[in-house]
Amino acid sequence: MYKKKKSGRSRKAPYVPITKEHVKHWSWCMKNGIGMCVTPDWTNIEMWKVEVIINGKVSVDPKYYKGEEAMTKMFDYYKYYYNKNNENG
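Just add 117 to wherever you are in the sequence shown, counting from 1, and you've got the working numbering.
Shown next, in the form of structure tokens:
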């Protein structure tokens with residue numbers, strides 16, 4: 118009898134609409150070795166953390182965020198690093 122393999126724990130990342138500004142900030146950061154992601158807090162289903170990865174070094178925002186708030190914060194970080202490194206940002 119065939120048994121379906123159990124997958125590891127997973128959660129779908131929250132969704133926020135992506136704007137042209139988000140894409141501009143994201144693409145500049147990716148080209149310059151700066152990435153971000155949201156990771157779930159496995160002890161609280163509503164909460165997420167934001168990770169910032171710069172040239173392979175991972176830093177984690179110490180604050181927990183709910184759903185869409187986490188994605189919004191991630192895009193705020195992309196904008197921050199874009200503006201910090203572009204005078205006309």
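Built from N, CA and C at the ideal position, the CB exists for glycine as well.
Fill in: Distance between Lys166 and Pro179 (C-alpha atoms, nearest Å)
8 Å
Item to complete: Would you mind stating whether Glu168 and Cys154 have Cβ atoms separated by less than 8 Å?
Response: yes
Practice prompt. Could you check what DSSP says for Gly150 in three-state terms: helix, strand or coil?
Written response: coil
Worksheet entry | Residues near Lys190 by beta carbon distance below 6 Å, same chain, minus five either side | Listed in chain order, the non-local C-beta contacts of Lys190 below 6 Å within the same chain comprise Val167 and Tyr182, local neighbours out to five positions each way being set aside.
Item to complete: Go to Glu204, then tell me how far its beta strand (DSSP E) extends in each direction, as first and last residue.
Response: No beta strand (DSSP E) holds Glu204; DSSP gives it neither H nor E.
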